[in-house]
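One structure is given below, encoded as C-alpha cells.
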Amino acid sequence: MTLQFRCSGLEVPENVRTQLGDDDVAKRLVAEDATLWGPEAESEASVRLGWLDLPATSRALVSGLAELRAELAGEGLDRVVLCGMGGSSLAPEVICRTAGVPLVVLDTTDPGQVAGAMSDLDRTVVVVSSESGGTIETESHRRAFVAAFTEVGLDEKEVGRRFVVVTDPGSPLADTAAAMGARAVFLADPNVGGRYSALSAFGLVPAALAGVDVGALLDEAADLAEHLTEPGNPALELGVALGAGFRTGRDKVALGAGSGPRTEGFGDWAEQLIAESTGKGGRGLLPVVLESVDAPGSTAPDALLAVVDGDPVAGRPSVGVTGPLGAQFLGWEFATAVAGRVLGINPFEQPNVTASEENTARILESGLPDERPLATIGAVELCASGGVLDGVDLSASDGLRLALDALLAAVPPRGYLAVMAYLDRVADARAGELRAAVARRTEHAVTFGWGPRFLHSTGQYHEGGPQVGVFLQLTGAVPEDLPVPDRPYSFGVLQAAQAAGYRQALADRQRPLLHLHLTDRSAGIAQVLDTLG
Ligand SMILES: O=P(O)(O)OC[C@H]1O[C@](O)(CO)[C@@H](O)[C@@H]1O
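Numbering-wise (this note's numbering), the sequence shown opens with residue 1 and increments by one.
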C-alpha cells in the first residue's frame with residue numbers, strides 16, 4: 001500500500017472505536033453514506049462526498065491538460081500564476097513545490113506581493129480558481145491582471161487568451177470567463193468542497209499547466225483508494241488517532257515534516273483541511289504547522305505530534321504518515337472526515353467564515369476605522385482590545401516587551417496564540433520566524449498565518465472553535481499601493497479593511513488582541529523578533 005501509518009504512545013479509548021462502528025465507518029464512507037455525521041449534517045454531506053471518486057473521475061482531465069500545456073508552451077507562455085484562496089490554491093502549491101516545478105501563487109491582497117506577481121507578462125498565463133466565483137481576493141487579482149495585460153498592449157481577445165478559469169458550474173466566474181473569452185474553462189465537480197478538492201480540477205489544472213505529471217498523482221491516490229474499506233487501513237487509523245487525540249485532551253495537531261521528504265509544504269494544506277473541517281460548534285482540532293519535528297510546540301501536553309513523511313517520535317504521543325503526495329491528500333481527507341464523526345461535527349460546512357468578510361464589506365463601504373495607537377515604539381504602533389494592555393506601562397523603555405508579555409499571559413489553560421501577519425509573504429518572509437520566537441516563550445500552542453490567507457484556513461477554527469485563542473495581528477505600511485480596477489478601493493485598502501474586519505470579529509467575541517502596525521516593515525519585524533529574544 002502506498003500510504004503507511006504508524007502511531008506511538010497514543011491510547012485509543014474504546015468508545016472511539018465503538019463510535020466508528022468498529023471500523024464500519026470506513027465502508028460507509030467509501031459508499032458515500034451521508035448519514036455518518038448525524039441528521040443535521042446529512043443534506044450538506046450528501047453533496048460533498050464527491051472527493052472520494054476523484055482518483056478515478058479526474059483521470060479524464062489528464063490528456064487535455066497535457067495538450068493545453070503544449071499549446072501554451074508553443075506560444076511561449078511558460079510562466080503560470082495561480083490566483084485563488086484556500087482550497088483553490090493550497091493543494092497546487094504543495095503539488096508544485098513537491099515536484100520542484102515553479103508556480104506563482106497569489107493568495108494575498110498585499111499590494112507589494114500582488115505587484116511582484118505581475119512580472120514577465122510576455123510569458124505569463126493566469127489561472128483564476130474559485131469554486132464560488134465570488135471570492136473578493138481572487139476577483140481582485142483577475143481584474144488587476146486584465147488591466148496589466150491591457151497596459152502592455154494586448155487587445156481584448158489576446159487578454160482573454162491569457163486566462164484559464166477553474167470554477168463550479170453556474171458560478172459568476174463561469175459567466176465572466178465566457179464574457180472575457182478565457183482560453184479554457186474547467187467546470188469542477190460541484191459535489192466537492194474547497195478543502196477536499198486537491199485531486200479535482202482545482203488541484204490538477206494549475207499543477208499540470210506548470211509542468212507536473214498529475215496522472216502519477218492520481219495513480220498514487222487510486223492505489224490507496226482500493227484499500228479504504230479495509231479495517232486498519234492507514235487513512236482510517238489516522239482518523240482514529242486524530243479522534244483519539246481529541247478525546248484524550250490532545251486537541252492540537254502539531255504538524256512537522258519528517259526526514260522523508262516526499263512532500264513540500266504539506267502542513268499548510270493539511271492546516272486548512274483540519275481547521276476548517278473541525279473547528280466549529282465550540283470544538284475542533286487546531287493544526288499547528290511546525291518548522292520541524294522538534295520545533296517549539298512539538299512537545300506541548302495538549303498536542304498530538306503528526307509527522308508527515310516520517311516515523312512517530314518514540315516516547316511521545318505521535319503519528320507518522322509516509323507515502324507519496326496523491327495518497328497523502330486522499331488519506332488525510334479520509335482521516336479528517338472520520339475524525340469529524342468522533343468530534344460530532346459536520347466536516348463539510350464552514351459556518352463562521354462570513355463574520356469577518358461581512359465586516360470587511362462594511363468597512364469598504366464606510367471607510368477604514370480611525371484607530372489611534374496607544375503608543376509608538378520604534379517602528380511599531382501598538383493597539384489592543386479585549387483588555388490585553390490594561391495596566392501595562394507602554395511608556396516604559398521596554399514597553400513592547402511588556403505588551404507581548406501581557407498578551408502571552410492572557411492565553412488561558414489549553415488555549416493558543418495565533419500570529420496573523422497581513423504582510424507580503426515573499427518580501428516580508430522573515431515575519432514567518434515569529435511563530436517559533438513566540439512559541440519559545442510559552443507552553444501554549446502558537447500558530448502563524450499570513451493574512452488574508454489564513455481567513456480561508458484557520459479562520460473558521462478561530463471563530464467557530466473553542467474560544468480560547470489570543471491573537472497577535474501584524475499589519476504594515478504600504479509604500480506603494482495598487483488599484484483594484486473598476487473598484488472604489490485599492491489592494492492596500494482592501495488588505496487594511498480585511499485586517500480591521502478581523503479585529504472587529506475578534507472584539508465582538510471579546511478575544512484578547514494585540515495589534516502591531518509596522519511603520520517600516522523590515523525594521524518592525526526585526527524589532528519584534530529582537531524583543532521576543
Ligand atoms: O474557491 P472559493 O469559492 O474562492 O473559496 C476559497 C476558500 O474560501 C472558503 O470558502 C472559505 O474560507 C474556503 O472553504 C475555500 O477554500
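Note that beta-carbon positions come from the ideal geometry of N, C-alpha and C, so glycine has one too. What you are looking at is a predicted structure, and each value in this text was computed from that prediction instead of being measured.
Out of curiosity, what's the CA-to-CA distance linking residue i and residue j?
i	j	result
T57	A207	17 Å
L106	E14	45 Å
Q473	N359	16 Å
G323	T2	6 Å
L217	S132	25 Å
D309	G160	41 Å
R487	P111	15 Å
A45	N346	8 Å
V478	S490	11 Å
L224	G215	15 Å
D398	Q328	46 Å
R521	P369	21 Å
R511	G387	9 Å
Y196	A295	28 Å
A409	L65	52 Å
E75	R69	10 Å
A174	T354	22 Å
V470	R435	14 Å
D393	L285	36 Å
Could you tell me if residue i is buried or exposed, where buried requires 16 or more neighbouring beta carbons within 10 angstroms of its beta carbon?
i	result
A73	exposed
G367	exposed
Q4	exposed
T135	buried
S259	exposed
E276	buried
K157	exposed
G256	buried
V319	buried
T376	exposed
A60	exposed
V152	exposed
P412	exposed
S89	buried
D251	buried
I'd like the list of long-range same chain contacts for residue i, defined as Cβ closer than 6 Å, with 5 residues on each side in sequence excluded.
i	result
E271	P287, V289, S457
R401	T531
Q113	D424, V426
T35	E42
T229	A26, K27, V30
A339	G239, L242, G243
A421	A431, W450, L474
G492	P111, V478, D481
F348	E44, A45, R48, G193
Check whether the Cβ of residue i lies closer than 7 Å to any heavy atom of ligand 1, and answer yes or no.
i	result
R521	no
M85	yes
S88	yes
E371	no
L204	no
S132	yes
Q498	no
Q350	yes
T135	yes
H462	no
H456	yes
T447	no
E276	yes
V185	no
G170	no
T138	yes
G80	Strictly speaking, residue 80 in this sequence is Val, with Gly absent from that position. No, ligand 1 has no heavy atom inside 7 Å of this Cβ.
V353	yes
With a threshold of 8 Å on Cβ separation, who are the neighbours of residue i within its own chain once the five nearest residues in sequence on each side are excluded?
i	result
P485	R143, A144, V146, A147
L389	L374, L382, A403, A406, L514
L378	The displayed chain sequence assigns Gly, not Leu, to residue 378. Hits under 8 Å: L400, A523, G524, Q527.
G232	D23
Quick one: residues in its chain with C-beta nearer than 7 Å to the C-beta of residue i, no 5 flanking neighbours on either side, listed in chain order?
i	result
V126	V81, C83, F145, R162, F163
Can we count residue i as close to ligand 3, meaning its CB is less than 7 Å from some heavy atom?
i	result
G340	As presented, the structure is devoid of ligand 3, carrying ligand 1 as its sole ligands.
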